[in-house]
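Numbering (this note's numbering), first residue to last: 196 to 295. Note that CB positions come from ideal geometry on N, CA and C, so glycine has one too. Quantities reported herein were computed from a predicted structural model and do not represent experimental measurements.
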């Protein structure tokens, strides 16, 4: 028999918030493990998320890509270099809710 619980804690946000299907997974886990009873005090952490994005400039990253002869028009997931600067304020890209 599957045991029931009152709290689900998930770390599935990934680099871009929800690129690991967090809402679908927590929805399934909620259905399987949380008490469905009326008045149940169930908690899902996180219950929502918001992704923000902003363009960044980094002379050091630019020099590194040139030195390694890597294409400048390719996507990269990397850590920010110490010289990285935001070019605008971050803007909201999307939000999601994981409590249903």
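Check                                                                                                                                                                         : Outcome
Could you give the C-beta distance for residue 283 and residue 253, rounded to a whole number, given that I count them as a contact under 8 Å?                                : At roughly 15 Å, the Cβ-Cβ gap does not stay under 8 Å, so residue 283 and residue 253 are not in contact.
Counting contacts by CB-CB distance shorter than 9 Å, is residue 261 in contact with chain E?                                                                                 : The structure shown contains no chain E; it is built from a single protein chain.
I need the boundaries of the beta strand (DSSP E) containing residue 257, first residue and last residue.                                                                     : Residue 257 -> not in any beta strand (DSSP E); alpha helix (DSSP H) instead, spanning 254 to 262.
Where does residue 228 fall in DSSP's three states?                                                                                                                           : helix
Enumerate in chain order the residues of its own chain whose CB-to-CB distance from residue 220 is below 8 Å, with the five nearest sequence positions on each side excluded. : 205 and 207
Give me the DSSP bridge partner(s) of residue 244.                                                                                                                            : 291
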